[in-house]
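Numbering (UniProt numbering), first residue to last: 1 to 114.
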């Protein structure tokens, strides 16, 4: 899976995100919370693709973009800084996944960082 993430492009993410949004709107789901994976593997590419789609689809759906540390924050060194960058790029909120960390102590620190 990590190899696929490394190969993501903004264009690819945008294409897939737009397909999901259009499908959702077709079924009258117009409030969408999109999780953009933030990690040192994909960097900010997933976020940039989702943000571009949010802008393109703003007339058909209300989209909230979450910067989501899929690989953990402590386990994936460098992700904390990427989360700050994600907010500067335009993410609406930051999510968390403490269970992605190696230990209970690291899970608690994950929450503290957020």
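Glycine included, each C-beta is placed from N, C-alpha and C at the ideal position.
Outcome for residue i when other beta-carbon atoms lying within 10 angstroms are tallied against a minimum of 16
i	result
residue 57	buried
residue 54	buried
residue 99	exposed
residue 22	exposed
residue 115	Lying outside 1 to 114, the shown extent of the chain, residue 115 is not represented and no answer is given.
Run of the alpha helix (DSSP H) containing residue i, from where it starts to where it stops
i	result
residue 3	2–6
residue 69	No alpha helix (DSSP H) holds residue 69; DSSP gives it neither H nor E.
residue 82	79–89
residue 99	No alpha helix (DSSP H) contains residue 99, which DSSP labels as neither H nor E.
residue 107	104–113
Alpha-carbon to alpha-carbon, residue j and residue i
i	j	result
residue 109	residue 17	31 Å
residue 40	residue 71	9 Å
residue 84	residue 11	23 Å
residue 49	residue 113	25 Å
residue 28	residue 63	14 Å
residue 79	residue 69	7 Å
Rounded Cβ spacing between residue i and residue j (contact assumed at less than 8 Å)
i	j	result
residue 38	residue 82	5 Å
Paired residues, beta bridge with residue i - DSSP
i	result
residue 31	62
residue 43	39
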